[in-house]
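Trainee: All residue numbers for the sequence shown refer to my numbering, where the first residue is -18 and numbers rise by one. Before we start, here is the structure in question, set down as C-alpha cells.
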Amino acid sequence: MASKRDELQSHQFLVQRVTSALVRRETDPEHPPFRPPSMAAFGSIAIAVLVLAGFWVYGMVVPGGNKAWRAGDAVIVEKETGTRYVYLDGRLHPVLNYTSALLALGKHGNTRSVSRNSLVGAPRGPRIGIQDAPDALPAPGRLMSGAWSLCSRSASDSTGATVDRSVLMVGAEPPDGQVLGDEALLVQTPDSGDHHLIWRGYRHRIRQPDTVTVGLALRSAPRARVGMAVLDVLPAGDTIAPITVAGAGEPSTAVAARKDIRAGQLLVAETSAGVQHYLAETEVLRPITELQYHVQLGFKPTAAAYGGGEPVPVRLSLLDAAEARQLPAQDADPGAPPPLRPVIAGSGRDTAAICATYEPGVAVPRVRIDPRMPAEDPLSLTARRTTRGTPLADHVRVAPGFGALVEVMPGADAPAGTFVIVTDQGRAHPLENADVAEWLGYGGVRPVRVPAALVARLPQGSGLGHRAALSRG
C-alpha cells in the first residue's frame, strides 16, 4: 500500500507533466519548462550587483563627482554641515554669512547644495566675510514700501517713575487715534522743560513761555508729553517769541500823519481782506500776524510804549496805512507758525502716545494722537544710544521676515541719498553703492525714501560692500 510521501510525489509528477503539456506541448521534455526564466533572473541580479560594485569602487578612487560648483557663480552649502563657501580664484573660502557670500561673489548667485565628498580635494582659502552682516535677507516681495512711524509713549520704570519710550515702526503706522490736521499740540519736554507748539508737522520752539502762554491764553491748555526722540525728528519751524523793539516808548516816524504813535505800540487797520496787524518801530511799521499780535500783548516791555498802562490797539486808517513806511510782509513759508491761535488738541490721558508718520519721500510728517500701540516687546529694546551718543529709538519693530530697502534723504530737496537695507532684526546696514542692492537680489526694487533723521534712530549695522566681504573674518 502506497505511503503519503509516494502519493505526494505522484501528484507532483502528474502536475509537472500537465504543466509541460500546456507550456511546451510535450508531456516528458528533456528540461523543466521554467528553468530558463529562472536562470535569466539570476543572471540579471548578478549583473546588477557587479555594476553597483563598480560604482562603489569608482567612488572610492575618485570621490565626489559634482564639479558644477567650481563655476564660481553660486553660494555653496555643504549638505552635511550647512557650512557656506564661495569659490574664488581657484580656492574654496568659508564665509561668515549669506550676505557676505553674495557680496564676495559680486553678483546675485543661487544657493547650491553640495555633498562633503564633492568638496574633498579642493584648495581651501581663509574664512572671509563681514562680522554682523545679515545671515537672512527678506525676499524682494517682502520689502515694505509704506510709511514709517516714530511714536512716543509713557511708561513706568522699575521705580514707578514715569518715563518716555520711543517706538520706531518700519513700514507701518499704528491704527486709530486722532490726526492733528489744523489743531496743534502744546508740548513741554520732561528732560529740559522746553515748550514747543507742534502744528502741521512742524515743531515751533516757544521762547519766553510765560509771556507766550499768557498772551495766547494757553495757561490752562492741555499739554502733551512727547519724548525728545520723537520731537527731534520733527522738522524745526520758526520760533514763537515776543519781538523786542528798540527804543520802546519813543515817538515813531513810520506814519507821517500820526504824531501820537510810539515805538512798541500795536496798530490795527481794517481792510477788505480782514484786520491787518502792525508793530510800530521807531521808523517803520512791521506787519505781524494775529498770533504775534497777541504774543506782544502779553510781553511786559510792550507796556512801556503805553506809558506803563494797559496795551490797547491803536486804530489806523487805510490811507495812513498805505502811506506809512512798512517792512515788506514776509511770505508764509511751510515752517511759519500758525497765523491765528490754533485749537489745542488733547487726548484726556497723560499716557497717550504721540506718533509722527512719514510717507515715502515726504519730509513733513502727519501727527497722530493716542493711536492703538502694539504691546511692548522686551526683545526689541535697543541700546538707546550709539557709542557716539546719538539717541536711538528705544524699540524698533519690523514685521518678521520683512525688511526695507531705504534711500536716506539728507534734506527735503536732496536729489539722491545713500542706501541702506533694514532687516527684521531692526538694524540698518549701509550699502557701499547702488550695485550692492542688485547683488542682494533687489535689482528691480524701488527704494523707499526716508528722512535721515528718522533712519538715524535705527541701530546701525556694518556697511555692506564687495571689499569688506573679502576681508578675513
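Where a beta carbon is used, it is the ideal one built from N, C-alpha and C, also for glycine.
Evaluate the contact criterion for the segment 380 to 394 versus the segment 151 to 165: three or more CB pairs, one atom per stretch, below 8 Å.
Mentor: As far as the Cβ criterion goes, the segment 380 to 394 touches the segment 151 to 165, which means the pair count is three or higher.
Trainee: Leaving out five residues before and five after residue 293 in sequence, what residues of the same chain have Cβ atoms less than 6 Å from its Cβ?
Mentor: Counting from one through the sequence shown, the residue named residue 293 turns up at place 312. Cβ within range, chain order: n/a, list empty.
Trainee: Quick check: what's the CA-CA separation for residue 475 versus residue 338?
Mentor: Given that the chain is displayed from residue -18 to residue 454, the structure contains no residue 475 and the question cannot be resolved.
Trainee: Would you kindly work out how many angstroms separate the C-alpha atoms of residue 304 and residue 192, rounded to a whole number?
Mentor: The residue you call residue 304 lines up with position 323 of the sequence shown. The residue you call residue 192 lines up with position 211 of the sequence shown. Straight-line Cα distance between these residues: approximately 32 Å.
Trainee: Would you decide whether residue 174 is buried or exposed? Buried here means 16 or more other CB atoms lie within 10 Å of its CB.
Mentor: Within the sequence shown, residue 174 is the residue found at index 193, counting from 1. With fewer than 16 Cβ atoms within 10 Å of its Cβ, residue 174 is classed as exposed.
Trainee: So, do the segment 206 to 214 and the segment 432 to 447 have three or more beta carbon pairs nearer to each other than 8 Å?
Mentor: With a cut-off of 8 Å, the segment 432 to 447 and the segment 206 to 214 count as touching, because enough Cβ pairs lie within range.
Trainee: What is the DSSP secondary structure of residue 176, reduced to helix, strand or coil?
Mentor: For this step, residue 176 is matched to residue 195 along the sequence shown. DSSP places residue 176 in strand when its eight states are reduced to three.
Trainee: Could you check whether residue 55 and residue 90 sit closer than 7 Å to each other, using their CB atoms as the reference points?
Mentor: If you number the sequence shown from 1, residue 90 lands on position 109. If you number the sequence shown from 1, residue 55 lands on position 74. Closer than 7 Å, so yes.
Trainee: With a Cβ-Cβ cutoff of 7 Å, do residue 197 and residue 271 count as a contact?
Mentor: The sequence position of residue 197 within the sequence shown is 216, counting from 1. The sequence position of residue 271 within the sequence shown is 290, counting from 1. Cβ atoms of residue 197 and residue 271: not closer than 7 Å.
Trainee: Please say whether residue 108 and residue 59 have beta carbons closer to each other than 7 Å?
Mentor: As a position in the sequence shown, residue 59 is number 78, starting the count at 1. As a position in the sequence shown, residue 108 is number 127, starting the count at 1. Not in contact: residue 59 and residue 108 (Cβ atoms no closer than 7 Å).
Trainee: Which stretch, first to last residue, makes up the beta strand (DSSP E) that contains residue 301?
Mentor: Within the sequence shown, residue 301 is the residue found at index 320, counting from 1. From DSSP, residue 301 is part of no beta strand (DSSP E) but of the alpha helix (DSSP H) over 299 to 304.
Trainee: Pair every Cβ in the segment 237 to 248 with every Cβ in the segment 179 to 194, then say whether three or more of these pairs are closer than 8 Å.
Mentor: At 8 Å Cβ cutoff, the stretches do not touch.
Trainee: To the nearest angstrom, report how far apart residue 417 and residue 314 are at their CA atoms.
Mentor: For this step, residue 417 is matched to residue 436 along the sequence shown. For this step, residue 314 is matched to residue 333 along the sequence shown. Straight-line Cα distance between these residues: approximately 39 Å.
Trainee: By Cβ distance, which residues of its chain are closer than 6 Å to residue 404, with the 5 residues on each side in sequence left out?
Mentor: On the sequence shown, residue 404 is found 423 positions in, with the first residue counted as 1. 115, 384, listed in sequence order.
Trainee: Would you list, in sequence order, the uninterrupted beta strand (DSSP E) runs of no fewer than 3 residues that lie entirely inside the segment 215 to 284?
Mentor: Qualifying beta strand (DSSP E) stretches, in chain order: 247 to 252, 255 to 261, 266 to 269.
Trainee: Hey, residue 103 and residue 73: beta-carbon distance below 7 Å or not?
Mentor: Counted from its first residue, the sequence shown places residue 103 at position 122. Counted from its first residue, the sequence shown places residue 73 at position 92. Taking 7 Å as the Cβ cut-off, residue 103 and residue 73 qualify as a contacting pair.
Trainee: So what's residue 64 in DSSP terms, helix, strand or just coil?
Mentor: Here residue 64 refers to the residue found at position 83 when the sequence shown is read from its first residue. If DSSP states are grouped into helix, strand and coil, residue 64 belongs with coil.
Trainee: On the premise that residue 165 lies in contact with residue 333, defined as a C-beta separation below 8 Å, what is that separation, rounded to the nearest angstrom?
Mentor: For the purposes of this step, residue 333 is identified with residue 352 of the sequence shown, where counting begins at 1. For the purposes of this step, residue 165 is identified with residue 184 of the sequence shown, where counting begins at 1. Actually they are not in contact, since the Cβ atoms of residue 333 and residue 165 sit about 15 Å apart, beyond 8 Å.
Trainee: How long is the line joining the alpha carbons of residue 259 and residue 181, rounded to whole angstroms?
Mentor: Here residue 259 corresponds to residue number 278 of the sequence shown, with the count starting at 1. Here residue 181 corresponds to residue number 200 of the sequence shown, with the count starting at 1. When rounded, the distance between both Cα atoms is 25 Å.
Trainee: Consult DSSP for residue 209 and reduce its assignment to one of helix, strand or coil.
Mentor: By 1-based counting over the sequence shown, the position of residue 209 is 228. If DSSP states are grouped into helix, strand and coil, residue 209 belongs with the helices.
Trainee: Give me the Cβ distance between residue 208 and residue 301, rounded to the nearest whole Å; I'm assuming they're in contact under 8 Å.
Mentor: Reading the sequence shown from its first residue, position 227 is the one you call residue 208. Reading the sequence shown from its first residue, position 320 is the one you call residue 301. That belief does not hold up - the Cβ atoms of residue 208 and residue 301 are roughly 50 Å apart, past 8 Å.
Trainee: Determine the DSSP secondary structure at residue 147, reduced to helix, strand or coil.
Mentor: Residue 147 sits at position 166 when you count from the first residue of the sequence shown. Strand.
Trainee: Under 6 Å Cβ to Cβ from residue 194, same chain only, skipping five residues before and after it: list those, please.
Mentor: Taking the first residue of the sequence shown as 1, we reach residue 194 at position 213. The answer, listed in chain order, is 200.
Trainee: Work out the CA separation of residue 340 and residue 318 for me, nearest whole Å.
Mentor: Numbered from 1 along the sequence shown, position 337 holds the residue referred to as residue 318. Numbered from 1 along the sequence shown, position 359 holds the residue referred to as residue 340. Rounded to whole angstroms, residue 318 to residue 340 spans 22 Å at the Cα level.
Trainee: Specify the secondary structure class of residue 111 as computed by DSSP and reduced to three states.
Mentor: Walking along the sequence shown from the start, residue 111 turns up at place 130. Residue state, collapsed to three classes: coil.
Trainee: Quick check on DSSP: helix, strand or coil for residue -9?
Mentor: Here residue -9 is taken as the residue at index 10 of the sequence shown, counted from 1. Here residue -9 sits in helix by DSSP.
Trainee: Quickly, what does DSSP pair residue 129 with across the bridge? List them, please.
Mentor: Position 148 of the sequence shown, counting from 1, holds the residue named residue 129. Its beta-bridge partners are 339.
Trainee: Taking buried to mean at least 16 other C-beta atoms within 10 Å of its own C-beta, is residue 279 buried or exposed?
Mentor: Along the sequence shown, read from residue 1 onward, the residue named residue 279 stands at position 298. Flag for residue 279 reads buried.
Trainee: Sorted by chain position, which residues of the same chain lie with C-beta nearer than 6 Å to residue 106's C-beta, five sequence neighbours on each side aside?
Mentor: Locating residue 106 in the sequence shown gives position 125, counting from the first residue. Taken in chain order, the residues that qualify are 72, 74.
Trainee: Does the Cβ-Cβ distance between residue 218 and residue 183 come in under 7 Å?
Mentor: Translated into positions along the sequence shown, residue 218 becomes position 237. Translated into positions along the sequence shown, residue 183 becomes position 202. Yes; because the gap between Cβ atoms is below 7 Å, this pair is in contact.
Trainee: If we call anything under 7 Å between Cβ atoms a contact, is residue 353 one with residue 156?
Mentor: Along the sequence shown, read from residue 1 onward, the residue named residue 353 stands at position 372. Along the sequence shown, read from residue 1 onward, the residue named residue 156 stands at position 175. Yes; because the gap between Cβ atoms is below 7 Å, this pair is in contact.
Trainee: Taking residue 336 as the reference, give the member of 398, 420, 351, 274 with the closest Cα.
Mentor: Counting from 1 along the sequence shown, the entry for residue 336 is found at position 355. For residue 336, the nearest C-alpha among the options comes from 351.
Trainee: On the CB-based measure, 16 or more other CB atoms within 10 Å of its CB, does residue 273 come out buried or exposed?
Mentor: Here the question's residue 273 lines up with position 292 in the sequence shown. Looking at its Cβ environment, which holds 16 or more other Cβ atoms inside 10 Å, residue 273 is buried.
Trainee: How many angstroms separate the CA atom of residue 408 from the CA atom of residue 439?
Mentor: As a position in the sequence shown, residue 408 is number 427, starting the count at 1. As a position in the sequence shown, residue 439 is number 458, starting the count at 1. Distance between the alpha carbons of residue 408 and residue 439: 6 Å.
Trainee: Would you kindly check if the distance between the Cβ of residue 229 and the Cβ of residue 268 is under 7 Å?
Mentor: As a position in the sequence shown, residue 268 is number 287, starting the count at 1. As a position in the sequence shown, residue 229 is number 248, starting the count at 1. Their beta carbons are not under 7 Å apart, which means residue 268 does not touch residue 229 by this criterion.
Trainee: According to DSSP, simplified to helix, strand and coil, what is residue 447?
Mentor: Taking the sequence shown and counting its residues from 1, one reaches residue 447 at position 466. Helix at residue 447.
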